[in-house]
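> Quick one: structure below, then a few questions.
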Amino acid sequence: MNDDQDQPLGPIIDGLGVAAHLADGELAAAAVVLLKVLQADGSTRLSLAYSDGLGWIERAGMLRVAELIESSTTSVEGAS
1 MNDDQDQPLG
11 PIIDGLGVAA
21 HLADGELAAA
31 AVVLLKVLQA
41 DGSTRLSLAY
51 SDGLGWIERA
61 GMLRVAELIE
71 SSTTSVEGAS
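Here the working numbering is used: the first residue of the sequence shown is 1, the next is one more, and so on.
Below, the structure is given as structure tokens:
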């Protein structure tokens, strides 16, 4: 596979040990993924990937709620 082609993230995310809690009956509907990428020259970059069909408003909203969750000691309604 060429270095600049998109790659499925499932095996990469699994290899990083990332998991999410889904209760019985819950279904993952969409995803926004931020990746810290170590480049061949030793520098780093931030990469953003997301599910097909997510519009920019939904992506921006998901990122904002994630930021609130990470920066707050109080819970954000409907988030985990």
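We treat Cβ as the ideally placed atom computed from N, Cα and C, and that holds for glycine.
#1: With a cut-off of 8 angstroms on the beta carbons, I'd call residue 37 and residue 50 a contact; round off their distance for me.
#2: My understanding is that residue 30 touches residue 22, with C-beta atoms under 8 angstroms, so please give their C-beta distance in whole angstroms.
#3: Do you know how far the Cα of residue 41 is from the Cα of residue 62?
#4: What are the boundary residues of the beta strand (DSSP E) that includes residue 48?
#5: If you draw a straight line from the alpha carbon of residue 58 to that of residue 43, how long is it in whole angstroms?
So, from the listed chains and residues:
#1: 16 angstroms between Cβ atoms; not a contact.
#2: With a Cβ gap of about 13 angstroms, residue 30 and residue 22 do not count as contacting.
#3: 32 angstroms
#4: 44 to 50
#5: 30 angstroms
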